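Chemist: In the working numbering, the protein residues as written are 87 to 332. The beta-carbon is built from N, C-alpha and C at its ideal position, and this holds for glycine as well. The structure presented is a predicted model; accordingly, all values stated were derived computationally and were not measured.
Written as structure tokens, this is what we have:
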């Protein structure tokens, strides 16, 4: 039996699992706002995932949300959102418990880095309590034009490729292969500035990415498959995350 994300308060923020219809409506509205959609964002995966929300304690406003899908092993990967876009047969042999982190959304008017820290603190607790061995998901770049992301994609190709034995294959109809983009020497500053904050955090902890970006016309994003084996996280970062969750 899986242990849930705990209710956790740090500073001005509280994280907890969404429990009510109001919670779900609010988080689907927040997701649409974060991705620049009209109305609400919802799909069939909302019905099978654990939805997590973060509120500003003083105002009561929802400032962040994400969802989690736990899998007993790589053999269950076809149940995931990511499997719609990536061919994941290599990862199907992964023996440990996995969790897909999806639809990570921060309110556009709230840029406090403590929001991300609280989210990762809660995730650290969840990972420890449930013996999770890998986190994965789709990290989204805003828009579908690769021009502004050439440095970022070149850096991902050069420094953060997936291990060959886990490399996701191409499945989506519209992709950009990193090795076909005309950018051989990435400018590090441009690369880092144009990477999603969530992806930068994955990479700092030892994460890796697919060798291509998928064009998602619905969300108006380019996204890359991102994996993080828990054993690869540096000990210092594990201690910092667990300190947030304590």
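Between the beta-carbon of residue 103 and the beta-carbon of residue 90, is there less than 7 Å?
Modeler: Going by C-beta atoms, residue 103 is nearer than 7 Å to residue 90.
Chemist: When we look at the beta-carbon of residue 288 and count the other beta-carbons within 10 Å, is it buried (16 or more) or exposed?
Modeler: Residue 288 comes out buried.
Chemist: What are the boundary residues of the beta strand (DSSP E) that residue 302 is part of?
Modeler: Per DSSP, residue 302 belongs to the beta strand (DSSP E) from 298-302.
Chemist: Determine whether the beta carbon atoms of residue 168 and residue 155 lie at a separation below 7 Å.
Modeler: Not in contact: residue 168 and residue 155 (Cβ atoms no closer than 7 Å).
Chemist: For residue 271, name the three-state secondary structure that DSSP assigns.
Modeler: Correct three-state label for residue 271: coil.
Chemist: Is it buried or exposed for residue 146, if we count other Cβ within 10 angstroms and need 16 for buried?
Modeler: Result: exposed.
Chemist: Where are the beta strand (DSSP E) runs, 3 residues long or more, that stay fully inside the stretch 210-241, in chain order?
Modeler: Listed in chain order, they are 218-228.
Chemist: With distances taken Cα to Cα, identify the nearest neighbour of residue 127 among 245, 317, 261 and 153.
Modeler: Cα-wise, what sits closest to residue 127 is 153.
Chemist: Do three or more CB pairs link the stretch 318-330 to the stretch 208-215 at distances below 8 Å?
Modeler: Contact between the stretch 318-330 and the stretch 208-215 is present, because at least three Cβ pairs lie under 8 Å.
Chemist: Can the beta-carbon of residue 200 be found less than 7 Å from the beta-carbon of residue 122?
Modeler: No, they are not a contact pair.
Chemist: Do three or more CB pairs link the stretch 223-230 to the stretch 308-322 at distances below 8 Å?
Modeler: Taking 8 Å as the limit for Cβ pairs, the verdict is that the stretch 308-322 does touch the stretch 223-230.
Chemist: For the beta strand (DSSP E) that contains residue 310, what are its first and last residues?
Modeler: Counting along the chain, the beta strand (DSSP E) containing residue 310 begins and ends at 307-315.
Chemist: Go ahead and pull the three-state DSSP assignment for residue 203.
Modeler: Note: residue 203 maps to helix in three-state DSSP.
Chemist: Let's see if you can read the secondary structure: which residues bound the alpha helix (DSSP H) around residue 322?
Modeler: Looking at the DSSP string, the run of the alpha helix (DSSP H) that includes residue 322 is 321-331.
Chemist: Who does residue 99 pair with in a DSSP beta bridge?
Modeler: Its beta-bridge partners are 96 and 142.
Chemist: Residue 246 bridges to which residues according to DSSP?
Modeler: According to DSSP, which records beta bridges pairwise, residue 246 is partnered with nothing at all.
Chemist: Rounded to a whole number of angstroms, what is the C-alpha to C-alpha distance between residue 234 and residue 280?
Modeler: Spanning the two alpha carbons is a distance of roughly 7 Å.
Chemist: If you check the beta carbons only, do residue 116 and residue 151 fall under 7 Å apart?
Modeler: Closer than 7 Å, so yes.
Chemist: In whole angstroms, what separates the C-alpha of residue 256 from that of residue 141?
Modeler: Spanning the two alpha carbons is a distance of roughly 37 Å.
Chemist: Rounding to the nearest angstrom, what Cα-Cα distance links residue 261 and residue 302 in this structure?
Modeler: Whole-angstrom Cα-Cα distance: 9 Å.
Chemist: Just how far apart, CA to CA, sit residue 300 and residue 258?
Modeler: Taking the straight line from one Cα to the other gives about 7 Å.
Chemist: Roughly how many angstroms separate the alpha carbons of residue 334 and residue 157, rounded to a whole number?
Modeler: Beyond the ends of the chain as shown, which are 87 and 332, falls residue 334; an answer cannot be given.
Chemist: Please say whether residue 294 and residue 240 have beta carbons closer to each other than 7 Å?
Modeler: No, the pair does not count as a contact, with Cβ atoms beyond the cut-off.
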